[in-house]
Amino acid sequence: MSKLHNPSVVDNLKQLIGEEKFSIILSSSRASLEGILSELKTAYTSADHETMRRAAHSIKSSVGNYGADPVSQKAEELEHKYKAQDIANAATEIEELSQLVQALLVELEEYL
1 MSKLHNPSVV DNLKQLIGEE KFSIILSSSR ASLEGILSEL KTAYTSADHE
51 TMRRAAHSIK SSVGNYGADP VSQKAEELEH KYKAQDIANA ATEIEELSQL
101 VQALLVELEE YL
């Protein structure tokens with residue numbers, strides 16, 4: 001399986017900010033992404049389209065910092081769908097996005 005992130009983007013980020021700060025940012029990103037995924041799932045159960053859209057947007061932005069284009073593109077796709085209030089397959093889509101985010105976080109652990 002190919003990487004979900006761009007190693008050169010992550011290497012450059014790590015070199016730019018240093019190993020210690022990178023570790024802190026990665027830990028913060030993990031907590032943030034897990035919180036946003038939880039918010040997305042909760043919003044789905046209450047059919048809160050706007051919160052679903054915002055959560056997908058936040059994930060897209062957060063993973064973009066790591067050059068994680070496949071994850072970012074999936075989040076962007078969901079952002080547009082939820083903006084249009086299209087949640088017909090949302091449970092499956094949210095699970096797919098969650099799995100992508102978790103796989104990305106595992107990949108990024110390699111840098112610690």
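In full-length UniProt numbering, the protein residues as written are 1 to 112.
Where is the CB? At the ideal position from N, CA and C, for every residue including glycine.
query: Nearest-angstrom Cα distance between Ser28 and Tyr111?
result: In a straight line, the C-alpha of Ser28 is about 15 Å away from that of Tyr111.
field: Nearest residue (CA-CA) to residue 113, options His49, Ala43, Val63 and Tyr44
entry: Lying before the first or after the last residue shown, residue 113 is absent from the chain, which here runs from 1 to 112.
message: Under DSSP, the alpha helix (DSSP H) around Leu40 begins and ends at which residues?
response: For Leu40, the enclosing alpha helix (DSSP H) begins and ends at Glu19 to Thr45.
Ile94: first and last residue of the uninterrupted alpha helix (DSSP H) it sits in: Residues Ala90 to Glu109.
message: By the three-class DSSP mapping on this structure, what secondary structure does Asp11 have?
response: In this structure, Asp11 counts as helix in the three-state DSSP scheme.
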